[in-house]
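Heads up: the structure comes next, in structure tokens.
Here's what the structure looks like:
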């Protein structure tokens, strides 16, 4: 694994916890972790259970006893690392977004394809049991013809102007702000549940233009280093209208300036036979409305997706005993390892990553041009 | 009052019920009601307590014992009626939207201005106690600088393709569909709470293109007359992005195809010091989050706006005893009658109606041009 | 009507508003109101629309042009007034609880029976559309065999020790505290929905033993007159276990010391085929769970009881447009007037009042004896 | 560890997952697991990561390389095992309830005391961050003087009469039904948050008297073996009133017959300065109401207890990323291991287990005698 901060912790935990619940699949061995700061990466290796560490990520790619490279670094390093890993014949799992640009993303996708390695991009929210169940319901036609997708990803962690200028606010490192960090999750959920997006029109805003220079510690607690101010070069918020290939209307909004919304990743889908709603902050619940219910008894049902019939739920506890955020990654990595064993890249793979990247590029282009932009021209 | 269907019932009730709760203001006298169908208007007069009726609305305007004309007819008749009333020196209260076009709306506004009559447009949701309280909080700076307005008006009453082609689906009579019927309420709430909109980009859709010919009965129960099909000429759904004059981001969506959402008129406002949320279906509750709350004790509060300090609440019952939809109209008409007595048009007045109409026109223009459209060019 | 405070206002409004929504039934005429304070009763008559007033309630009973006596006075006066009205051949509608003691209650019930007048006791919560619908579902066997009734009535309006010693806290006037004011509503709902109670065991508490002397004004705003303290002679809270005639387990709790619960009258019923939940603070919603729903799609549904099929809802607005507290009284009085016209006392009538009084007496006896007490021995 | 079913899985997971999140404490080594069925225990050892297994639990107690015995067997075996472990000088962690009788419980407590071993009983719900935070708030006086504790534990997993007669329904093995399985959790939470209980009055019911013979598989999926019927010897539901030592009123209800409530372990506490509410099914949320909030802005706050200041939350993810059921055990076992290292039994320890057992005994006695029963006579 290359990187060891927030996502490094989540992935490490998933590798370790996975075999307990899913004993039929592959058992990952945590061989090595890489990071530039030796003291920090050494501590991370010890704390998170990696057998060795390196300060140069290329050392991991050279090793014969490593089959999989997991890339959890800031976005600006994705392309070089992923391509190097693929060319070394390693299977690659990587955090989103895939790259800084569509061109980079396509080169990455080409590399994994040419080298015939298994690849997956970490849109983990697809793997909440409630979301997987929603997908099944839609596929089974339970909602009938679809009319609307409405996706919001609302956070507030940088709402304080004193929050420092961490790498996520530096376009050179992160590529974008709310767009690539959270909006892309909503877009990926929409593509998973609904299908591809044909065109978008968008707006992006940066509410706080300057912030004190600083960084985050390992626990995602940010601290400013001093009084020096720097320019915020990414978007604080993004909103868009979308038309899907099949005519469905989509609306999306992502912001880090929605006070009180810690991690409100939610969506609603409306179809001719019913609707579904989901909210990450209460992620075990899927709300569903069915038009075919008896008149007088119609209403949204709050389903606790911890029953035997709900995807992945059977690996855990009896009904009503909820699971948490970390399990979305356990499920994702379970699917990835199944893919490694069968030499087949599970979705969302790097082609999904390319498509999501194209949509992000269209959003930025539309914000510039103030017109609708078609995704695949 | 001209018209006697759904809105006629709501207004009639408000005139009658108002003096019981608000005894300080004017006491309306229900002199006459007009409608084209004699049997129906006669029955409506009896049922709703109007002293007389007429089949020609001009008879009402001619009467000296009538000071106020209330227009609750379909939109296509608004301009002629409102202008005639104003020219006869009657105060005018009228259902939204103001007109079929901006040009019509401006002529109406000019007529009331020239004739110096009091005027008001019925955006009743401004007058829910929770919404009035939200306005007060924003004005007092409780939310600080504002970042986002997010408005949704979701209904499902025409989701069944067998629902007939009532007048609300006929552009010649209604002007538009979800746009003028419900989206305009969200837009008006946004203007009330946030301020004016600078520019918009929008999309509109008609999901069901043809429907059986038919009409609604007085209780808003629709029935198809037979097997003849007609073309739906209005939008089923509309979505838009907006930039407010003060830089705030706005997103709006209105649809009649959101299964399970009977009357989900809701909004969320995010500011630097907090957020508020409201939902018409549970209209007594205002949710508020304050960033200044003690860390660890931060969370959205669910305030039941039935306390002494909440606007209008003191006229009713002790805390926790909720009021309903009809009271939004009682409050609106109370303000109108106060305006009549002081010869000052309360907001939202016809100038608000013109501004809302311009935004609707911009939404339609943007849908056509696929570009952002500025409201006041 | 005798009395003009909180309940006087609610009843007066209901008489006035009722004919607008329910035009088929009787049209009440507001002939006269009685109260001891001439200035206050005169003002109440004017404000609430009563044609005349009297300072001696007996004047109303003597009048030939009055058919119905509505008693909304404190409980200590119920017996004398109700018996006098019945003996004068007046139909009687009266606030709960019926009396101060079972003996009084039985004398009242005997008087209305002997004089063959129509009678009704104002347990208004039976008449929320959601509660009526719950009754229908239970009667239709939708929940199957019943196991549990769980009723809570939580308020907080006297939680401040500085809240004055109003008549509701004086046993000589009110008979009891939380027991007769709110617990009896839960008990009545249970009897309505489930059936009769066989035995109870209970506890009652008075948390604040002394309070400043004072009274309430007409708007249920209390104010202390000075610094003099008086003894609280009623219960602040009551809790009980109950066994219904048919073996169902019941638990009840009522308190005025549940901070943040303004008017939380709620219940849950569990049966072999499903459960229902209701909460007065969001009174239009009925939550229902059905065990026969497809596995994976099982969850509580939130039904907005504003559909054509929901009791009383058809008199109002389209689905999703909610009604409020006052409508429970409109429905109750509608049923009462229907009863007057057909000379048949609708439930809950004074026999229900007697039965509820017996349960209250058993609760007090059980609190004393610290044993289970059977209701009808 | 002795036992390997539902609780065996939960505990095993906690031992394995704990060091990842809490790296400062002891690192448990999973030495051996015991169970009577060799094939099953062997499989459990492999699946859950235990280094060895035994079919006779005494083998574990004899081993010198084992310091801690974890007992997750049915209740009837607790006493013998715990006493043997203590006498062998092993630290003991054991599932609730402590024993079958108060006498047994006291012998267990005596054994651990005499042998000076660390002991803990697994009331895991104390260790949800929201519950720990509630405890802190109460201790800090945020709620002021307390008035009410209201605890419900509602489940529905045996509501189907075809659900088999598993060991939990056999008094010889389980001691009791809803009482010892779930009510005791509510009672323990009350003792943790409020203090000791002085006296109780209770009722218990068995709704379904006979069931088909059968058992549960490892995943808590029950299946009936055939058509043979057996007698249910435990309670399906229990309800009680309680008076705490400090005069606080308590009400409790626990049932496995509340359709739709999968695992609804919830409580509400009302105090003079505020109230708190918690519900296991959405366990990250603590609802709090504070009377000192500004009038007009008073309402229950929904706090997502994932902030840095919330107990244990700092070990996990950023705010808004929820944790699940299993983490309550990770926290409990973390505290136990801290206790082992410092040779100090953390609460809830076996003395708490004895006290809880006494309350259970009083509940059963009260159900028999139909009177209030004092706990410590």
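Chains as they are written, first to last, in our numbering: chain A, 1 to 377; chain B, 1001 to 1377; chain C, 2001 to 2377; chain D, 3001 to 3377. Yeah, the Cβ is synthetic: ideal placement off N, Cα and C, and Gly gets one too.
Cβ neighbours of residue i in the same chain (closer than 6 Å, five flanking residues each side left out)
i               : result
residue 290(A)  : 274
residue 1269(B) : 1149 and 1276
residue 111(A)  : 83 and 86
Supposed close pair residue i, residue j - CB separation, criterion 8 Å
i               : j               : result
residue 1098(B) : residue 1354(B) : 7 Å
residue 1084(B) : residue 1115(B) : The Cβ separation is near 11 Å, so there is no contact.
residue 1194(B) : residue 1154(B) : So it is not a contact: roughly 20 Å between Cβ atoms.
residue 108(A)  : residue 161(A)  : Residue 108(A) to residue 161(A), Cβ: 36 Å. No contact.
residue 2045(C) : residue 2033(C) : 5 Å
residue 1261(B) : residue 1140(B) : In fact, because the Cβ distance is near 32 Å, the residues do not count as touching under 8 Å.
Contact check, residue i vs residue j, beta carbons under 8 Å
i               : j               : result
residue 2192(C) : residue 2267(C) : no
residue 254(A)  : residue 242(A)  : no
residue 3002(D) : residue 3057(D) : yes
residue 3127(D) : residue 3328(D) : yes
residue 3202(D) : residue 3240(D) : yes
residue 2250(C) : residue 2190(C) : yes
residue 2048(C) : residue 2024(C) : no
residue 53(A)   : residue 3317(D) : no
residue 2206(C) : residue 2232(C) : yes
residue 2175(C) : residue 2100(C) : yes
Straight-line gap, residue i to residue j (C-alpha atoms, nearest Å)
i               : j               : result
residue 2094(C) : residue 2185(C) : 14 Å
residue 219(A)  : residue 3300(D) : Here residue 219(A) scores only 49 on pLDDT, less than 50, and its place in the model should not be relied on; the value that follows carries that caveat. Residue 219(A) and residue 3300(D): Cα-Cα distance of roughly 30 Å.
residue 121(A)  : residue 347(A)  : 8 Å
residue 1012(B) : residue 323(A)  : 53 Å
residue 7(A)    : residue 181(A)  : 12 Å
residue 75(A)   : residue 172(A)  : 9 Å
residue 3090(D) : residue 3344(D) : 14 Å
residue 234(A)  : residue 163(A)  : 14 Å
residue 2297(C) : residue 1264(B) : 23 Å
residue 1294(B) : residue 3137(D) : 12 Å
residue 2350(C) : residue 2105(C) : 8 Å
residue 21(A)   : residue 169(A)  : 37 Å
residue 79(A)   : residue 259(A)  : 34 Å
residue 3377(D) : residue 3369(D) : 16 Å
residue 1072(B) : residue 1204(B) : 26 Å
residue 2271(C) : residue 284(A)  : 25 Å
residue 2144(C) : residue 2288(C) : 13 Å
Proximal residues to residue i (C-beta, below 7 Å), its chain only, five neighbours per side dropped
i               : result
residue 2015(C) : 2028, 2030 and 2333
residue 134(A)  : 193, 276, 278 and 286
residue 1310(B) : 1129 and 1133
residue 2252(C) : 2151, 2183, 2186, 2187, 2239, 2240 and 2242
Chain-order list of residues whose beta-carbon lies under 8 Å from that of residue i (same chain, five-residue window excluded)
i               : result
residue 1096(B) : 1121, 1122, 1123, 1180, 1184, 1185, 1188, 1353 and 1356
residue 245(A)  : 195, 196, 197 and 198
residue 248(A)  : 146, 147, 148, 149, 194 and 195
Check whether the region 347-364 of chain A and the region 1358-1372 of chain B are in contact - that is, three or more C-beta pairs closer than 8 Å. no
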